[in-house]
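S.K.: Pasting a structure below so you can have a look.
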Amino acid sequence: MATAMSHVGSDETLQNVLEVRDLKVWFPVRTGILTSLAKSEEKFIHAVDGISFDVRRGEVFCLVGESGCGKTTTARCILKLVEATSGTINFRDDGETIELCSAGPRQIRRIRPKIQLIFQDPYESLDPKHSVLDQLSEPLDVNRVGGSREEKMKKILTALSNVGLIPPETFLHRYPHELSGGQRQRVGIASSMVLDPIFLIADEPVSMVDVSMRADILRIMLDIKKREDASFLFITHDFSLAWVMGDTIAVMYSGKIVERASSFDLIRDPKHPYTRALVSVVPVPDPKFRHKRVILHGEVPDPIDVPKGCRFHPRCPIGKEKCKIEEPELRSIGGERWVACHFWQEPFP
Amino acid sequence: MTALLQVNALKTFYRADGDYVKAVDDVSFHVDVGESLGLAGESGCGKTTVALSLMRLLPPNASILGGEILYDGQDIVKMSDRRLRRTRWKKISIVFQGAMNALNPVKRIVEQIAEPILLHEKIAKDEATRRAERLVELVGIDKSRARDYPHEFSGGMRQRVMIAMALACEPRLVILDEPTTALDVMTKMQIQQLVKDIQKEMSLSTILITHDLSVIAETCEKVAIMYAGKLVEHADVVTMFENPLHPYTSGLLKGFPNIHASRELPVSIPGSPPDLLHPPPGCRFAPRCPLASKECEVDPPGKTVDGNRYVACWKR
Amino acid sequence: MKPAVTPIWRTVSGFWNIYSRVRKGVLGLALVLFFFAIAAFASYLSPFDPTKIDARRTWLPPNSLNWLGTDWFGHDIFSQMVYGTRVSLLVGVFATLISAVVGTLIGLFGGYYGKRFGEFLERVIDFFLVIPYLPLIIVLVAVVEAMEIPIPVLWVVIFVIGITGWSGTARVIRSQVLTVRERQFIDRARTAGAGDLRILTRHILPNVFPLVFANAVLTVAGAVLSEVTLDFLGLGDPTTVSWGMILHLALSNNAVYRDAWWWVISPGVAIILLVMGFTLIGYSIEEISNPRLRERKA
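In the order they appear, the protein sequences are chains A, B and C.
Just add 885 to wherever you are in the first sequence, counting from 1, and you've got the working numbering.
Just add 45 to wherever you are in the second sequence, counting from 1, and you've got the working numbering.
Just add 235 to wherever you are in the third sequence, counting from 1, and you've got the working numbering.
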C-alpha cells in the first residue's frame, strides 16, 4: 500500500524552493476599434490577482480550483511563458536565490534546467516530427549541459528507464504516433527530467490518460520526488488527485487563494465556504456514500469586472453584509492553516 | 417484465485497412423502464460505438454486422429509414460527447430547442416555441435567457440546452455520452443533479456513458462495464462496487481515489488495451489479468450469476 | 547528437506508400515526369533543329516528317514543342524556388512573431496579393529590360515571376504557423530553453513543411502559366523557343484564320497537361497532409 505522504526532507533542505509574493497577472482586453475609441480606460482580465504561497524542498504543493481560477496562468508565469504584471517569485537553489519576475534572460537561461513542466496532453505535447531521441536530446543541447555525447546518451537512457520505458534503447527511434497515450506521457516526463530539475510543475498530468494507467504516472512522479528530493507544483481541478498526491493544498477562486492547508486538514476539515462546497461535491466511487452536497448556484465571476468585496460572496451560502464591502485577506488561523474569509467559523445555514 | 431496451449480441465493426476493427463484439444488455444504466469503460472500449449503434448514427465506415436492438419489441437494426426517423428523437434521443460545442452560433437557444420538435411533429411554430420555453425552464435556465445566443452561455448552461434538446420530443430513453467530462466539478454536480431530477420526474430511462465510475456510483442504478469491445460485467451499482466479479472491474475500481477513504495511491492495471484490428483470441483481458490461466485462451461466454448479475469470466 | 529532422530516406519511402494510393496524384506525377523526360532528352527526341527555317515546308499540317506540322516559317512544330518544354520547366521551377523561399520565410516570420511585426508583414502580404498580377509582371519586365542589365531575358522573367508570386504561399504558410505556434510542444520546447530560431527551424518548419511543399508544387503551375502569358504577349525573349512564343507567333500570323489548327492546339494542349500535372500533384499532397481533406473511404 503506497501512500503519498513521504518524508519531506531533512531539516537542512526544509527550506523553500519557491516563494511567491502577491503575484498578479493581468491581461489587457482586446477591444475593437470602435469600443477603444469610445472608452478611455483600459480593461484587464484579472487572471491572477495577488497570490502568495511557498513550496518547500521535496514537497508536493497542489493548486486546486475550477477552470478560470488562475492556476494555469500561475504556472505559466513561473515558467516565464507569461509575464507577471506585479509581484515577486523567488526561486532558491543551492543557497542562491533568483527573483524570476525581474530576472534577465541570462539568469533565466541559467536556472531553466531547474524548473520544468509536465504537460497535460500526451498527444499534443510532443512534436510529431521528432523521435523520442530528438525529444530528449533537445533540452540537453539547448542548455549545453550533459557533457560529451556518451554522457548525454547515458542521461537519456537513464531518464527513459526511470519512467518505466524499458528497455530504453528500443524507444529511442520511435515517433509519437507509434506510442500509446501513456507512453507518450512518460516520454514527456522523461524529457522534463533529463535536465535534473528540482522543481516540477505538473498541470493536470493525468487528466487525459486512461484511468487504469494513471497510477503509473503518479507513481513515477512520487519516485522523482523521493529520488531527487524534488518539489512539485501539482495543478488540478480533481480533488481526489490532490488528496492522494499533495502534501499541501491551496484552493484558488477567481485569481486568489482562498484557503491553504495540509491536504489532510483541508479535505477532512475545510474552513472556507468555497472549499467546503467543493469538497462536498467531489465524486465518490461509492454508491452507498451519502452526505450533504452543497451545490453552488451561478458561475465563477467575470474576471474583467471583479465583484467588490469578497469575490465569492454572490455564491456563498453564508454571505453577509461585510462580505460585500470588505475583501477578506488570506490569514493564518493557526497550525499552518490559512483562510480568506470573514466568517469561516460559521456553519452553513 | 420486458425491458424497454434489449440489446442482444450486438456486433458493430469499422472497416479499416481492408480488415475490420471489432469495436463492439457480441454485446448484450438491457435497460428497464425508468432505469438509469451506466455504461462504463476506458477510451476505445466501444461504449460510444454502442450509443451510435442504438441510434443508427454510425459513420459510413462502420456497420452493424449482427445482433438485434429491441426497443419496445421492435428491432432497430432492421428498421426501415422511415420507421427509424420516427424512432429517433421521439423514442430514443442522445446528448453527444462535446455536444455543447455543436450549437449553432447564429440561432437563438429557444429556436434550436424548438427545431427537433418542428422536425418530428406536425405542430405550429408557436406551440413548438412554447414547448421549447418550458424545456428551458425544466433544465434550470432562467426563462429570460431563452432568446440568448450560445456564445452568451457558459459550458454548463450550454450542456443544459443540449439536454433540453434531447428531451424535446419526450423520448422514453435518453443516451448521454460523457455529459459532464469537460465541466468543472461544481457544474458537473449541477448537471448530474439535473439529470437525476428530470429522470425521476419524467420516468425516463437513461444510459450514461462515461469512464468515470464515481459519476456512475452517484447517479446510476445499474452499471455495465465494457472492455475492448466486450461487455464484461453488468450488475446493480451497489453490488458491483461492493463485490466486483470481473478482474477488470476490480482493477478499474482501484484506479479511483476516494477522498473519504485513506490516502492511497490508485493502482494501475499493467499493460494496455488490445488492438481491436487484431484482438487476441480468447478473453481480451487475459494479457493483463492477474487471474489468467489456460482456459482463458477461449473467450468466456457471459453468464448470469446470483439472479440478476452478468459476468463474462471463466473464474466466476 | 542526431539532427532533429527525420532522415530523408525514411520520409521518402513512407511518403510514397501513402502517395501512391491517391490516383490523381499518380496521374499528375506521370504527366510531370513525362514532360521532364522530354525536356531532358530534347536533343535526342527532336528530329529537326527547332530554329531551322524551311521555306518549302510552310503551313503544313501534321505529316510523316513533321509530326505536329510546320508553321509559317517552316519550323518543325514538334521540335519546337520538345525544346519549349525546357523553357517552361526551367522558368516554372526556378521562379517557384524564389517564390517558395521568399513566401515561406515571410510566412514563417509573419506567423511566428505576432503583434506588430507580424501584423506589418500581414499587411505587406495583403498588399502584394491585391496588386493585379499580370500588369505588375508586364510592367516589371518592361522596366527591367529597359534598364538594359546584361542578364538574359529568360532570367529576368524568372526573377519577376518569382518575386511577384510569393504572396499566396506566404499567406498560407502564415496561417499554418499561427496554428502550430500555439501547440503544446512549442511550449515544451520553450520551457526546455529553446530560442526563437531553434523553434522556427526545428519545430515549426518541419510541421508546416508538407504545406510548403504542396503549395510550391501548385505555384509551379502558376509560374508556368505566367511564363506562357508573358511570352504570348511578346514580352519574353523572341529568340527562345517556348510554348508561349509558339502561341504568340501562331496568333499573330492568323493561324486560326488560316485553319492551321495544329499550330495552336499543340502548345495549348501541352500547357494544359503540364499545368494539370502539377496541380494534381499539389492537390494530392495537400489532401494527404491535411487529414480533414481526406475523403472518407466507405
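Glycine included, every Cβ here is placed at the ideal spot set by N, Cα and C.
1) Nearest-angstrom Cα distance between residue 980 (chain A) and residue 1211 (chain A)?
2) Between residue 1111 (chain A) and chain B, is any beta-carbon pair separated by less than 8 Å?
3) Going along the region 1057-1084 of chain A in order, which residues come within less than 7 Å of chain E, judged by CB to CB distance?
4) Taking the continuous beta strand (DSSP E) assigned at residue 931 (chain A), which residues delimit it?
5) Between the region 58-68 of chain B and the region 1165-1183 of chain A, do three or more beta carbon pairs fall short of 8 Å?
6) Under 6 Å Cβ to Cβ from residue 407 (chain C), same chain only, skipping five residues before and after it: list those, please.
7) Can you tell me the Cα-Cα spacing of residue 75 (chain B) and residue 280 (chain B), whole angstroms?
8) Using 8 Å as the Cβ pair cut-off and three pairs as the minimum, do the region 1131-1144 of chain A and the region 940-950 of chain A touch?
9) Can you tell me whether residue 982 (chain A) is buried or exposed, with buried defined as 16 or more other CB within 10 angstroms of its CB?
10) Using a beta-carbon distance below 8 Å, is residue 984 (chain A) in contact with chain B?
11) Going straight from the alpha carbon of residue 339 (chain C) to that of residue 258 (chain B), what length do you get?
12) Going by alpha carbons, who is nearest to residue 434 (chain C) out of A:1031, A:1146, A:1095 and A:1012?
13) With residue 1208 (chain A) as the anchor, note down where its alpha helix (DSSP H) starts and where it stops.
14) Does DSSP put residue 474 (chain C) in a helix, a strand or coil?
15) Could you tell me which of B:61, B:237 and B:341 sits nearest to residue 265 (chain B), measuring between CA atoms?
16) Looking at C-beta atoms only, is the number of pairs between the region 490-502 of chain C and the region 396-413 of chain C that lie closer than 8 Å three or more?
17) Let me check one thing: in DSSP terms, what residues is residue 1141 (chain A) bridge-paired to?
18) Is the CB of residue 1174 (chain A) under 8 Å away from at least one CB in chain B?
19) Near residue 241 (chain B), what residues of its chain come up, given a Cβ to Cβ distance below 7 Å and the 5 sequence neighbours on each side ignored?
20) Considering only the beta carbon of each residue, do residue 263 (chain C) and residue 460 (chain C) sit closer than 8 Å?
21) Is the Cβ of residue 442 (chain C) closer than 8 Å to any Cβ of chain A?
22) Do residue 85 (chain B) and residue 322 (chain B) have their beta-carbon atoms positioned less than 8 Å apart in this structure?
23) Under 9 Å, CB to CB, which of the residues in the region 1010-1044 of chain A have a partner in chain C?
24) If you count every other CB in all the chains shown that lies within 10 Å of the CB of residue 384 (chain C), and 16 or more means buried, which is it?
25) Quick check on the DSSP output: the alpha helix (DSSP H) that includes residue 1068 (chain A) runs from which residue to which?
26) Taking beta-carbon pairs under 9 Å, can you tell me which members of the region 239-264 of chain B lie near chain A?
27) Give the straight-line distance between the Cα atoms of residue 261 (chain B) and residue 1170 (chain A), rounded to the nearest whole angstrom.
28) What in chain C is Cβ-close to residue 994 (chain A), meaning under 7 Å?
29) Enumerate in chain order the residues of its own chain whose CB-to-CB distance from residue 274 (chain C) is below 7 Å, with the five nearest sequence positions on each side excluded.
30) Tell me whether residue 913 (chain A) sits in a helix, a strand or coil according to DSSP, three-state version.
31) At the level of alpha carbons, what is the spacing between residue 317 (chain B) and residue 257 (chain C)?
32) Flag this pair as yes or no: are the beta carbons of residue 1215 (chain A) and residue 1086 (chain A) separated by less than 8 Å?
33) With residue 210 (chain B) as the anchor, note down where its alpha helix (DSSP H) starts and where it stops.
34) Just how far apart, CA to CA, sit residue 889 (chain A) and residue 307 (chain B)?
35) Could you name the residues of the same chain whose beta carbon sits closer than 6 Å to that of residue 379 (chain C), not counting the 5 residues immediately before and after it, in chain order?
36) I want to see whether chain A comes within less than 8 Å of residue 424 (chain C), judged by CB atoms only; does it?
M.R.: Let me spell this out:
1) Straight across, the Cα-Cα distance linking residue 980 (chain A) with residue 1211 (chain A) is about 40 Å.
2) no
3) You won't find chain E in this structure, because its protein chains are A, B and C.
4) 929-941
5) no
6) Only 450 meet the Cβ criterion.
7) Residue 75 (chain B) and residue 280 (chain B): Cα-Cα distance of roughly 11 Å.
8) yes
9) exposed
10) no
11) 50 Å
12) Looking at the Cα atoms, A:1012 is the closest of the given residues.
13) 1206-1210
14) coil
15) B:237
16) no
17) A:1138
18) yes
19) Excluding sequence neighbours, residue 241 (chain B) sits near 264.
20) no
21) yes
22) no
23) 1010, 1011, 1012, 1013, 1014, 1015, 1016, 1018, 1019, 1020, 1022, 1023, 1024, 1025, 1026, 1027, 1028, 1034, 1037 and 1038
24) exposed
25) Where residue 1068 (chain A) is concerned, the enclosing alpha helix (DSSP H) stretches over 1066-1078.
26) Sequence-ordered contacts of the region 239-264 of chain B with chain A read 256, 257, 258, 259, 260, 261, 262 and 263 [C-beta pairs closer than 9 Å].
27) 8 Å
28) Contacts between residue 994 (chain A) and chain C, judged by CB atoms closer than 7 Å, involve 428 in chain order.
29) 320, 321 and 324
30) strand
31) Straight-line Cα distance between these residues: approximately 34 Å.
32) No.
33) For residue 210 (chain B), the enclosing alpha helix (DSSP H) covers residues 200-212.
34) Because residue 889 (chain A) carries a pLDDT of 37, less than 50, the predicted location of this residue cannot be relied on, and the following value inherits that uncertainty. The straight-line gap separating the alpha-carbon atoms of residue 889 (chain A) and residue 307 (chain B) is approximately 11 Å.
35) 391
36) yes
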